[in-house]
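Peer 1:
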Amino acid sequence: MVAKKELPTPEKRTAEKDKQKILELLSGITKHKYVRLVQRGNAVIFAALYIAKKMNSKPFILIPDQGGWISFKTYPKILGFDTRVVKTNRGLIDLIDLEKKAESGAALLVTSFAGYFADQPMSYISKICKRCNCLLIEDASGAVGDEDLCDGDYADIIVASFGKWKPINAEYGGFISTDKKDLFESASEIFSTTNHYPRYDVLLDKLKSARQKMKVMLKRAMEVKKDISERLPHIKIIHKDLRGLNVVVRYMDKKEKAALEGYCEANGYGYVQCPQYTRLDEDAISIELKRLDRENE
């Protein structure tokens, strides 16, 4: 007796349609043909490094000296890579140092916004990486929906998290994308371990408003920079004229630190104390404006 094939429920059909819309939206945002949803942001970083291991025999993964993500330092070792640190100008990739080191790199791991507070010169970074046969992996967790970053014309692989405190805060999951079929297919073994079971309707709604939300967040950061400049003119804002979601402010002594902490508390802004690899490797305060939307939902 042949078993009857179970038909999908209306809920499953709706979820599958939402999933397909999500993949189409992400493909449009990244300009990448191949997109895979996974259960965690760290999972896509690991998958991207796995691709680099299979497709490039060079021994090093290049990472920035600050403004990166925690797993940039730990995951390459799991796959047998050594990490090589690229100098930065307070998180922004030093193009001269990258030029010196890219020849030895299987891939460069870099965040779209250094520490969430300054946009990387991705077009220049891309040119160097392509010339040196070094894969460019862009962690776009803070830039999904941005008009300049999260751009598949520059990055070979784009990864992002949809976790807590991220601009696309579905509190679950992430994605990896590429426009190169051979890169995508080389990760099939890893993809089989990264099943994704979110509420697709929640993620779909957030992605639909991603571009508008990004504009709002960038505008807010610029307004806070202007406000600090007027209220605390003697205190240095790091990369003041660059775009970002957070605002990082350097302090020189206890008095300036107290003034900054008071400013944040008066305005209800959460902040992170630096030095921090994920922000700035100096005495500073990172005003975590990107968290505001999550707190207000």
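So the sequence shown is numbered by this note's numbering: it starts at 17 and just counts up by one. Cβ atoms here follow ideal geometry from the backbone N, Cα and C, with glycine treated the same way.
1) Report the partner residues of isoleucine 290 according to the DSSP bridge assignment.
2) Applying the criterion that 16 or more other CB atoms from any shown protein chain within 10 Å of the CB defines a buried residue, is methionine 268 buried or exposed?
3) Hey, could you find the ends of the beta strand (DSSP E) proline 80 is sitting in?
4) Tell me the DSSP bridge mates of aspartate 155?
5) Can you tell me where the beta strand (DSSP E) holding aspartate 110 begins and where it ends?
6) Between which residues of its own chain and tyrosine 305 is the CB-CB distance below 8 angstroms, once the five residues before and five after are set aside?
7) Name the residue from Phe178, Gln82, Lys70, Glu298 whose alpha carbon lies nearest to the alpha carbon of aspartate 198.
8) Considering only the alpha carbon of each residue, which of Lys146, Ile112, Leu152, Phe129 lies closest to alanine 123?
9) Spatial neighbours of aspartate 110 within its chain, please: CB distance less than 6 angstroms, with the 5 preceding and 5 following residues excluded, ordered by chain position.
10) Whole angstroms are fine: how far does the CA of proline 80 sit from the CA of lysine 28?
11) DSSP has alanine 134 in a bridge; who is on the other side?
12) Taking the alpha-carbon positions, what's the isoleucine 67 to cysteine 145 distance?
13) Along the chain, which unbroken stretches of the alpha helix (DSSP H) at least 4 residues long are found entirely within the segment 181-269?
14) Do you know whose CA, among Ser139, Asp257, Ile251, lies nearest tyrosine 279's CA?
15) Just to confirm before moving on: does the CB-CB distance between alanine 134 and glycine 96 stay below 8 angstroms?
16) Out of Thr25, Pro92, Val101, Leu42, point me to the one whose CA is closest to glycine 168's CA.
17) Can you check which of these residues, Asp113, Lys117, Gln289, is closest to aspartate 98 by C-alpha distance?
18) For aspartate 98, name the three-state secondary structure that DSSP assigns.
19) Could you check what DSSP says for arginine 52 in three-state terms: helix, strand or coil?
20) For threonine 30, count neighbouring C-beta atoms within 10 Å of its own C-beta (all shown protein chains included) and say buried if the count is 16 or more, exposed if not.
21) How about aspartate 297: is its Cβ closer than 7 angstroms to a heavy atom in the ligand ADP?
22) From what residue to what residue does the alpha helix (DSSP H) around asparagine 58 run?
23) Looking only at its own chain, which residues have a Cβ that is under 6 angstroms from the Cβ of phenylalanine 178, when we skip the five neighbours before and after it?
Peer 2: The structure says:
1) As a position in the sequence shown, residue 290 is number 274, starting the count at 1. Looking at the sequence shown, residue 290 is not isoleucine but cysteine. For cysteine 290, the beta-bridge partners assigned by DSSP are Ala300.
2) Residue mapping note: residue 268 aligns to position 252 of the sequence shown, counting from 1. Looking at its Cβ environment, which holds fewer than 16 other Cβ atoms inside 10 Å, methionine 268 is exposed.
3) Here the question's residue 80 lines up with position 64 in the sequence shown. Its beta strand (DSSP E) spans residues 76-80.
4) In the sequence shown, counting from the first residue as 1, residue 155 sits at position 139. DSSP lists Thr127, Val175 as the bridge partner or partners of aspartate 155.
5) As a working mapping, residue 110 is identified with position 94 in the sequence shown. Here aspartate 110 belongs to no beta strand (DSSP E), and DSSP marks it neither H nor E.
6) Your numbering for residue 305 matches position 289 in the sequence shown. Looking at the sequence shown, residue 305 is not tyrosine but leucine. Only residues of its own chain outside the window of five on either side were considered, and among them Met233, Arg236, Ala237, Val240, Leu261, Asn262, Val263, Tyr285 have a CB closer than 8 angstroms to the CB of leucine 305, listed in chain order.
7) Translated into positions along the sequence shown, residue 198 becomes position 182. Of Phe178, Gln82, Lys70, Glu298, the residue nearest in Cα terms is Lys70.
8) Counted from its first residue, the sequence shown places residue 123 at position 107. Out of Lys146, Ile112, Leu152, Phe129, the CA that lies nearest to the CA of alanine 123 is found in Leu152.
9) Here residue 110 refers to the residue found at position 94 when the sequence shown is read from its first residue. The residues are Lys103, Thr104.
10) The count along the sequence shown starts at 1 and reaches residue 28 at position 12. The count along the sequence shown starts at 1 and reaches residue 80 at position 64. C-alpha separation (whole angstroms): 42 angstroms.
11) Counted from its first residue, the sequence shown places residue 134 at position 118. Paired residue(s): Ala130.
12) In the sequence shown, the residue the question calls residue 67 occupies position 51. In the sequence shown, the residue the question calls residue 145 occupies position 129. The straight-line gap from Cα to Cα measures roughly 16 angstroms.
13) Counting whole runs of 4 or more residues, the segment 181-269 contains the alpha helix (DSSP H) stretches 197-202, 204-207, 216-224, 226-247.
14) Counted from its first residue, the sequence shown places residue 279 at position 263. Nearest Cα to tyrosine 279 within the set Ser139, Asp257, Ile251: Ile251.
15) Position 118 of the sequence shown, counted from the first residue, corresponds to residue 134. Position 80 of the sequence shown, counted from the first residue, corresponds to residue 96. Contact: no.
16) Along the sequence shown, one-based indexing puts residue 168 at 152. Per the C-alpha coordinates, the member of Thr25, Pro92, Val101, Leu42 positioned closest to glycine 168 is Leu42.
17) As a first step, residue 98 must be located in the sequence shown, where it is residue number 82. Comparing Cα positions, the closest option is Lys117.
18) As a position in the sequence shown, residue 98 is number 82, starting the count at 1. Of the three classes helix, strand and coil, the one that applies to aspartate 98 here is strand, per DSSP.
19) Numbered from its first residue, the sequence shown carries residue 52 at position 36. If DSSP states are grouped into helix, strand and coil, arginine 52 belongs with the strands.
20) Within the sequence shown, residue 30 is the residue found at index 14, counting from 1. Exposed, because fewer than 16 other Cβ atoms sit within 10 Å of the Cβ of threonine 30.
21) With respect to small molecules bound, the structure shown includes none, and the ligand ADP cannot be examined in it.
22) Counting from 1 along the sequence shown, the entry for residue 58 is found at position 42. Following the DSSP letters along the chain, one finds asparagine 58 inside the alpha helix (DSSP H) bounded by residues 57-71.
23) Reading the sequence shown from its first residue, position 162 is the one you call residue 178. Here the set comprises Ile184, Ala186, Gly189, Gly190.
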